[in-house]
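See structure below.
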Amino acid sequence: MASIIRGFKSAVTTYSRTNGNTNFGWQPRFHDHIIRNSFEFERIQNYIEQNPAKWAADKFYK
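This is the structure:
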């Protein structure tokens, strides 16, 4: 599984840089996760939708 993700990220990086996006890079310390079922999908979808509203309460918010 890791080799599939590594290959995907390599291909996307190469494509991006070949097409003029020289500043392209993956988010550091980011954890890749393969969604395996509808429960995981809904949990992640809810996190993405609701997370921006929590930004003001984050310890890194200035």
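Going by full-length UniProt numbering, the sequence shown opens with residue 1, and the numbers climb by one from there. Backbone N, C-alpha and C fix where the C-beta goes; we use that ideal spot for every residue, glycine too. Computed from a predicted model, the values in this text were never measured in an experiment.
What residue range does the alpha helix (DSSP H) around residue i cover?
| i | result |
| --- | --- |
| Ile-34 | Counting along the chain, Ile-34 falls outside any alpha helix (DSSP H), and DSSP gives it neither H nor E. |
| Ala-53 | From DSSP, Ala-53 is part of no alpha helix (DSSP H); its letter is neither H nor E. |
| Tyr-15 | 2-18 |
For residue i, which of the options has the nearest alpha-carbon?
| i | options | result |
| --- | --- | --- |
| Asn-21 | Arg-29, Val-12, Pro-28 and Gln-27 | Val-12 |
| Met-1 | Ser-16, Asn-19 and His-33 | His-33 |
Spatial neighbours of residue i within its chain, please: C-beta separation below 8 angstroms, excluding the five flanking residues on both sides.
| i | result |
| --- | --- |
| Trp-26 | Lys-9 and Thr-13 |
In its own chain, which residues sit with a C-beta less than 7 angstroms from the C-beta of residue i, not counting the 5 before and 5 after it?
| i | result |
| --- | --- |
| Ile-35 | Phe-41 and Ile-44 |
| Phe-24 | Thr-13, Ser-16 and Arg-17 |
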